[in-house]
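In the UniProt record's numbering, the protein residues as written are 1 to 165.
C-beta atoms are modelled at their ideal positions from N, C-alpha and C, and glycine is treated no differently.
The structure displayed is predicted, hence computed values, not measured ones.
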């Protein structure tokens with residue numbers, strides 16, 4: 001796992017990222033609207049689960065994981081990590097990295113809007129997340145050549161060379 005992805009995920013799971021609601025609670029004068037949708041307060045729950053922008057990212061990314069659903073709360077993320085994050089099975093690596101990269105990508109896009117006034121289309125953000133995950137998965141070698149692993153390989157367009165013969 002790439003350390004920056006894991007670190008941002010760890011902070012998000014603990015609701016420790018400096019969202020605008022936290023900054024306002026610390027006494028800072030900030031406009032607390034979400035920069036991704038301009039419809040609600042910038043909170044952890046909104047940013048990662050209620051924001052229409054983030055929901056579209058989740059939908060476009062998770063369709064490749066063959067996963068049972070989209071996480072709806074920080075508790076769901078923790079449950080995913082417990083269920084899929086501890087084993088070295090390729091499926092778990094795919095799910096764990098997808099979760100971490102999606103959270104990281106949403107956070108980075110949010111920060112680009114807050115600090116630089118920049119915004120990308122949701123399709124661009126989703127593609128960046130997908131490509132980051134794909135690149136990470138392509139770096140793996142000697143993945144067991146099983147039907148399930150091949151299904152993940154097909155979904156992520158992974159080269160045959162990562163699979164052991």
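Item	Value
List in chain order: all unbroken alpha helix (DSSP H) runs of 4+ residues lying wholly within the region 16-66.	20-25 and 52-62
Could you pull the start and end residues of the alpha helix (DSSP H) that residue 139 belongs to?	It is not in any alpha helix (DSSP H) - residue 139 carries neither H nor E in the DSSP assignment.
On the DSSP bridge assignment, give the partners of residue 163 in chain order.	143
Using DSSP with H/G/I as helix, E/B as strand and the rest coil, what is residue 88?	coil
Measure from the alpha carbon of residue 156 to the alpha carbon of each residue in 67, 101, 35 and 130, then state which is nearest.	130
Could you name the residues of the same chain whose beta carbon sits closer than 7 Å to that of residue 72, not counting the 5 residues immediately before and after it, in chain order?	49
Is the separation between the beta-carbon of residue 110 and that of residue 36 shorter than 8 Å?	yes
Classify residue 96 as helix, strand or coil using the three-state DSSP reduction.	helix
Apart from the five residues just before and just after residue 97, which ones in its own chain have a Cβ nearer than 6 Å to its Cβ?	133 and 136
With distances taken between CB atoms, is the gap from residue 17 to residue 11 smaller than 8 Å?	yes
Quick check on residue 26: buried or exposed, where buried means 16 or more other Cβ atoms within 10 Å of its Cβ?	exposed
Below 8 Å between beta carbons: does that hold for residue 13 and residue 77?	yes
Work out the CA separation of residue 115 and residue 144 for me, nearest whole Å.	43 Å
Taking the alpha-carbon positions, what's the residue 82 to residue 119 distance?	33 Å
Do you know whose CA, among 108, 30, 38 and 63, lies nearest residue 154's CA?	63
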